[in-house]
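Q: Top to bottom, those sequences are chains A and B.
Count along the first sequence from 1, add 1, and you get the number used in our numbering.
Count along the second sequence from 1, add 17, and you get the number used in our numbering.
Idealized CB from N, CA, C, for every residue including glycine.
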Amino acid sequence: MSGMRVQAKKEGDVIEVKILVSHPMETGTRKDQKTNEVVPAHFIQELTCEHAGKVVLSSDWSGGISKNPYLSFKFKSNEGGSVKVTWKDNKGETETQEAVIK
Amino acid sequence: MSMKRRTFLKGALVGSVAVAMPRAFAEAARTAGFDAKDYENALKSVSGGAEVTDSPAIAIKVPEIAENGAVVPIQINAELPKIESIAILVEKNPVPLIANFKLGDNGVGYISTRIKMGGTSNVVALVKSDGKFFSAKKEVKVTVGGCGG
Chain A
2 MSGMRVQAKK EGDVIEVKIL VSHPMETGTR KDQKTNEVVP AHFIQELTCE
52 HAGKVVLSSD WSGGISKNPY LSFKFKSNEG GSVKVTWKDN KGETETQEAV
102 IK
Chain B
18 MSMKRRTFLK GALVGSVAVA MPRAFAEAAR TAGFDAKDYE NALKSVSGGA
68 EVTDSPAIAI KVPEIAENGA VVPIQINAEL PKIESIAILV EKNPVPLIAN
118 FKLGDNGVGY ISTRIKMGGT SNVVALVKSD GKFFSAKKEV KVTVGGCGG
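1. Beta-carbon of Tyr-56(B) versus every beta-carbon of chain A: anything under 8 Å?
2. Under 8 Å Cβ-Cβ, which residues of chain B neighbour Val-57(A)?
3. What are the boundary residues of the alpha helix (DSSP H) that Val-63(B) is part of?
4. I'd like to confirm the pairing. Which residues does DSSP put opposite Leu-114(B) in its beta bridges?
5. Taking 8 Å as the CB-CB cut-off, is Ala-45(B) touching chain A?
6. Measure the C-alpha to C-alpha separation of Glu-38(A) and Ser-83(A) and round it to an integer number of angstroms.
7. Quick one: is Pro-41(A) near chain B, going by C-beta distance under 8 Å?
8. Given that Ile-66(A) touches chain B, what residues does it touch there, using C-beta distances under 8 Å?
9. Quick one: list the residues of chain A neighbouring Phe-150(B), beta-carbon separation under 7 Å, in chain order.
10. If you drop the 5 nearest sequence neighbours on each side, which residues of the same chain put their C-beta closer than 8 Å to that of Val-15(A)?
11. Quick one: grab the DSSP three-state call for Ala-37(B).
12. Do we get a CB-CB distance below 8 Å when we pair Asn-94(B) with the residues of chain A?
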C-alpha cells in the first residue's frame, strides 16, 4: 500500500533530494465509478526532510498532489552523511526513510 | 506504597502532557489556506493578506497542454534571496492550494513535483523571500480533468 524511495545526490555544495511515495492521495471528493460512492479522503498532509540534525524542508500538502507523489528539492550543505524523509497523512499513517547522500 | 504509585502515575501523566504540547503546536502550524475553496482566499491565507508582487525571477516549467489532469508535472525555479517558502496554487481547482514547501536557512529555490488539475487553469507559484511575497503564473490547458476522477 505504501512505500517510499529516497535518493540524495551531492554536486558541489548542493544536495538534490528525490522522493517517490506510494500513496493513493484521495481528495475525498472523487466518486468510485462502479459504486458511485465518494471515496474517503486519504492524502499525505505533511512531509519533512532532515539533514545533519536540521530540518531542511517541511511541507504541507492537500490532496492536489498527484497519486504516488513525486517530489524533488535542493538545499546547500558541505556535510555528507544522510537525509531522513518522513511523511504523515490525514489518517495518522506515517513513514520514514533514510538515504545516504551520494 | 499505593500513595507513591499514585504520585508516580501523576508525575508520568504530567510528563506526557508536557511532551505532547510541542507536537500539538507543530500541527497547529499547518499552512492556512487549505480550507479555502476559491483562489483569492487561498492566496490571502498563505500570504497573510500581505502584498504579492509579480516577479520575473520565478520560473514555472509546466506543459502547455496536459492530456491527463491527474498528473501534471511542475518545476519551479526561484532566483530570489532568502527564500522561506514556495507555495503552489491552481486558480480553478476546488481546493486551489496544492502545497506549501518551507525551506531551511540553506534552501535552494527549486521544487519539482506532480499535481492534479481539474481543468484548464493558471498555475501559480507564491514565493516568500526575505519576508515579502512574490508570484508568477502560467496557464496549462487540460484535456481531461483530474479532480473528479
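A: Taking the definition as stated:
1. no
2. Leu-120, Gly-121, Asn-123, Gly-124
3. 56–64
4. Leu-106(B)
5. Residue confidence for Ala-45(B) is low, a pLDDT of 44 falling below 50, so the modelled location carries little weight and cannot support an answer.
6. 43 Å
7. no
8. Ile-115, Ala-116, Thr-130, Arg-131, Ile-132, Lys-133
9. The premise fails here: Phe-150(B) is roughly 17 Å from chain A at the closest Cβ pair, so nothing lies under 7 Å.
10. Lys-75, Phe-76, Lys-77
11. Per-residue confidence for Ala-37(B) stands at a pLDDT of 45, beneath the threshold of 50, marking its modelled position as unreliable; the derived number appears in the next sentence. In this structure, Ala-37(B) counts as helix in the three-state DSSP scheme.
12. no
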